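Trainee:
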Amino acid sequence: MDEQTLRAGMRDALDDEPPLGLEPDRIADEARRAQRRRRATFGTGVATLAVLAGAATIPAVTGPHHREVIPAAPSVVTDVPTEGAVPPKLSQDELDQRRRMLENHAAKAVRRVAPKLDDVSLEHSGLIGIGAPRPRMPRKLNMSVGFTDSTGPTAVSVEVGTAGTFDKAPSESCDDTLTCEVVNRPDRSVLVRDAVLVGPRSAVTESVSHYRTDGTVVRVTAFTYDPATPSADEVRENPALSEEQLTGLATDPKFTLGK
1 MDEQTLRAGM RDALDDEPPL GLEPDRIADE ARRAQRRRRA TFGTGVATLA
51 VLAGAATIPA VTGPHHREVI PAAPSVVTDV PTEGAVPPKL SQDELDQRRR
101 MLENHAAKAV RRVAPKLDDV SLEHSGLIGI GAPRPRMPRK LNMSVGFTDS
151 TGPTAVSVEV GTAGTFDKAP SESCDDTLTC EVVNRPDRSV LVRDAVLVGP
201 RSAVTESVSH YRTDGTVVRV TAFTYDPATP SADEVRENPA LSEEQLTGLA
251 TDPKFTLGK
């Protein structure tokens with residue numbers, strides 16, 4: 001039955017009745033709007049990518065991660081690093097020295113963005129080579145900084161990579177995410193903020209990745225659980241570090257394997 005037939009049928013049904021405060025046209029309009037809202041909800045899905053000229057937020061559909069959508073003018077995502085960016089040429093001694101510098105800096109950086117945390121310390125660090133079959137030089141440093149807050153122990157991971165380390169460009173980073181936001185920065189670098197569901201407990205990881213024009217990529221991740229004991233049942237309502245704090249770490253200029 002189409003809309004015109006519905007309206008006519010409602011008018012005919014009510015013409016001979018005493019006034020009841022019912023307006024056929026208004027009822028049909030509300031029904032049509034409700035149908036559009038249902039279609040929009042199913043069409044949107046769980047993960048939504050917004051490409052922003054300014055700051056905006058992305059909606060999640062579950063739990064404490066729900067956020068209101070703030071409309072923003074779309075802009076073209078600039079995938080970085082720019083073409084031709086290459087990893088820095090470091091000797092093994094230089095790379096080891098750079099690793100030690102970043103290991104010493106990591107815990108200090110976490111204390112800087114979250115001064116109320118306790119027991120902040122580097123828990124793990126490792127260099128990873130990218131390439132096959134045998135990479136000549138490791139090009140990615142993974143670090144884990146543990147700490148304790150009012151909820152209990154947890155950690156934040158910091159990945160520092162060079163050009164070619166991350167296999168997805170910013171415009172491709174929102175696949176299989178709960179929420180995702182891509183922001184072009186004035187310096188032509190790109191921020192990607194995303195949240196991902198982990199495991200059957202509805203645990204969540206929230207990450208901020210900073211794609212820099214020289215090819216450096218820094219990805220910082222916080223958890224709603226303690227990654228040191230991932231099988232534990234305790235799940236936080238929110239990660240210990242906020243999006244603003246994660247962004248402060250990801251954009252820290254000292255996190256780089258370059259000179």
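With UniProt numbering, letter number 107 in the sequence shown gets 107, and the count goes up by one each step, no holes. We put the beta carbon where it would ideally sit given N, CA and C, even for glycine. Source: prediction; values computed, not measured.
(1) Just the C-alpha distance for A85 and G215, rounded to the nearest angstrom, thanks.
(2) Report the start-end ranges of each beta strand (DSSP E) in the UniProt region "Disordered" (229-259) that is 3 residues or longer and not cut off at the edges.
(3) Do A228 and E206 have their beta-carbon atoms positioned less than 8 Å apart in this structure?
(4) Quick check: what's the CA-CA separation for R236 versus V196?
(5) Out of P186, D187, R185 and C174, which has the shortest C-alpha to C-alpha gap to R193?
(6) Report yes if the C-beta distance between R139 and G126 is below 8 Å; otherwise report no.
(7) CB G258 to CB P153, shorter than 8 Å?
(8) Provide the residue span of the beta strand (DSSP E) that contains D194, from first to last.
(9) Can you tell me whether S231 is buried or exposed, with buried defined as 16 or more other CB within 10 angstroms of its CB?
(10) Let's test the definition: count the other Cβ atoms within 10 Å of the Cβ of T256 and tell me whether it reaches 16, buried, or not, exposed.
(11) With distance defined between alpha-carbon atoms, name the residue in S157, N184, S202 and K254 nearest to T177.
(12) According to the neighbour-count rule (16 or more other Cβ atoms, all chains shown, within 10 Å of its Cβ), is G161 buried or exposed?
Mentor: So, from the listed chains and residues:
(1) 6 Å
(2) none
(3) no
(4) 14 Å
(5) C174
(6) no
(7) no
(8) V190 to V198
(9) exposed
(10) buried
(11) S202
(12) buried
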